[in-house]
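**Q** Could you have a look at this structure, given as structure tokens, before my questions?
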Amino acid sequence: MALAEICKISHAPYMKSHDNAADLERDCQQYACNLLNPFELSAPPFENPVKNLQNIAIDGVKSGIKIHFDHGTTTLGFKYQGGVILAVDSRATGGQFIGSQTMKKIVEINQYMLGTLAGGAADCVYWDRVLAKECRLHELRNKERISVAAASKIMANISHEYKGMGLSMGMMLAGYDKRGPGLYYVDSDASRSPGNVFSVGSGSVYAFGVLDSGYRWDLKDDEAQELGRRAIYNATFRDAYSGGIVRVYHMTADGWVNVSNTDCMDLHYKYEQEKENSK
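Residue numbers (this note's numbering): 27 to 305.
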């Protein structure tokens with residue numbers, strides 16, 4: 027294929043023979059090593075992948091070859107006196123194409139930690155699963171749960187290792203540890219930031235419009251949950267790449283709770299009815 031030729035896949039020393047079982051087994055063991063060690067992903071088969079991938083992306087602008095894929099979503103998280111609220115939509119898109127309306131964009135890493143997905147779905151899901159494994163190993167080795175700060179540092183280190191190699195990821199990590207509630211933002215540029223309020227994705231500007239007007243530290247639980255729900259709904263109404271089901275999770279000292287999973291259309295009719303009743 028054209029993309030395989032551009033990426034020099036045809037020059038790679040593997041998968042040359044498909045009718046020899048011994049060759050296939052050897053190639054799988056050598057080039058699919060991430061099945062045994064998830065941190066050993068095969069690099070593109072040319073020297074200096076970071077520089078050459080950047081050159082391919084630049085040439086793509088001139089030649090019309092599209093290397094970067096389109097993606098859109100809306101996720102948000104905020105801390106308040108009662109813990110951490112995470113809220114997301116469920117629409118998975120590839121440009122103008124809607125691939126799914128039921129994508130689960132909150133990953134339950136363990137009972138006291140959650141991660142959100144924004145960017146490339148495959149990248150986020152893969153590394154969230156790796157993080158879940160590392161968190162469990164930490165708990166077995168040290169006889170205590172990993173902190174949110176340490177988990178976010180693991181993700182930042184992973185992002186730094188693959189920086190410039192096409193990783194597409196912008197996630198929030200929310201959890202509760204001995205320091206209290208924690209919320210971090212980590213992306214594929216190896217940025218790692220703690221904070222009280224975050225929103226990530228193509229619809230985040232619309233979500234922030236609601237969050238900025240309604241957020242305060244002393245929110246009650248039901249107020250905080252409704253704020254997250256309404257902010258995501260507002261993004262689904264204005265952003266074509268966000269939609270589907272609005273999921274809300276609440277993280278407390280006792281672990282996470284899935285508060286609600288409501289179709290954005292149902293929320294639209296609910297809020298419209300509230301407007302009519304208030305007139």
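Glycine included, each C-beta is placed from N, C-alpha and C at the ideal position. Treat the numbers as computed from the prediction; the structure is a model and nothing was measured.
#1: Excluding the 5 residues preceding and the 5 following residue 218 in the sequence, name in chain order all residues of the same chain whose CB lies nearer than 6 Å to its CB.
#2: Excluding the 5 residues flanking residue 141 on each side, which residues of the same chain have their C-beta closer than 6 Å to its C-beta?
#3: Quick one: give me the first and last residue of the beta strand (DSSP E) that residue 142 is part of.
#4: Quick one: Cα of residue 172 to Cα of residue 293, how far?
#5: Using a 10 Å radius around the Cβ and a threshold of 16 neighbouring Cβ atoms, would you call residue 27 buried or exposed?
#6: Return the first residue and the last residue of the beta strand (DSSP E) that residue 180 is part of.
#7: If we count the other Cβ atoms within 10 Å of its Cβ and call it buried at 16 or more, is residue 272 buried or exposed?
#8: Based on the DSSP output, what are the partners of residue 114 in its beta bridges?
#9: Any idea what DSSP makes of residue 153, helix, strand or coil?
#10: Would the segment 266 to 283 count as touching the segment 110 to 117 if we require 3 or more Cβ pairs under 8 Å?
#11: Would you identify the three-state DSSP class for residue 47, choosing helix, strand or coil?
#12: By the three-class DSSP mapping on this structure, what secondary structure does residue 27 have?
#13: Just to confirm the assignment, what range does the alpha helix (DSSP H) spanning residue 260 have?
#14: Quick one: give me the first and last residue of the alpha helix (DSSP H) that residue 232 is part of.
#15: Would you list the residues sitting across from residue 201 in a DSSP beta bridge?
#16: In angstroms, rounded to a whole number, what distance separates the CA positions of residue 233 and residue 100?
#17: For residue 240, collect the residues of the same chain with a Cβ closer than 7 Å to its Cβ; drop the 5 residues on either side in sequence, then sort them by chain order.
#18: Going by CA-CA distance only, name the one from 144, 244 and 122 that's closest to residue 227.
#19: Can you grab the Cα-Cα spacing for the pair residue 290 / residue 299, in whole Å?
#20: Distance, Cα to Cα, residue 120 vs residue 180?
#21: How big is the Cα-Cα spacing for residue 204 and residue 152?
#22: For the alpha helix (DSSP H) that contains residue 74, what are its first and last residues?
#23: CA-CA distance, residue 107 and residue 246?
#24: On the CB-based measure, 16 or more other CB atoms within 10 Å of its CB, does residue 295 come out buried or exposed?
#25: Going straight from the alpha carbon of residue 277 to that of residue 52, what length do you get?
#26: Between the C-alpha atoms of residue 256 and residue 249, what's the straight-line distance to the nearest angstrom?
#27: Tell me the rounded alpha-carbon separation between residue 264 and residue 230.
**A** Considering the structure as presented:
#1: 178, 182 and 212
#2: 133, 135, 154, 197 and 199
#3: 139 to 142
#4: 36 Å
#5: With a pLDDT of 49 at residue 27, under the threshold of 50, the predicted position of this residue should be treated as unreliable, and no value is reported.
#6: Here residue 180 belongs to no beta strand (DSSP E); instead the alpha helix (DSSP H) covers 174 to 187.
#7: buried
#8: 101 and 273
#9: helix
#10: yes
#11: helix
#12: Here the model assigns residue 27 a pLDDT of 49, short of 50, so the residue's position is not dependable and the matter cannot be decided.
#13: 247 to 264
#14: 230 to 240
#15: 139 and 208
#16: 8 Å
#17: 253
#18: 144
#19: 14 Å
#20: 28 Å
#21: 27 Å
#22: Looking at the DSSP string, residue 74 is not in any alpha helix (DSSP H), and its letter there is neither H nor E.
#23: 8 Å
#24: exposed
#25: 46 Å
#26: 10 Å
#27: 10 Å
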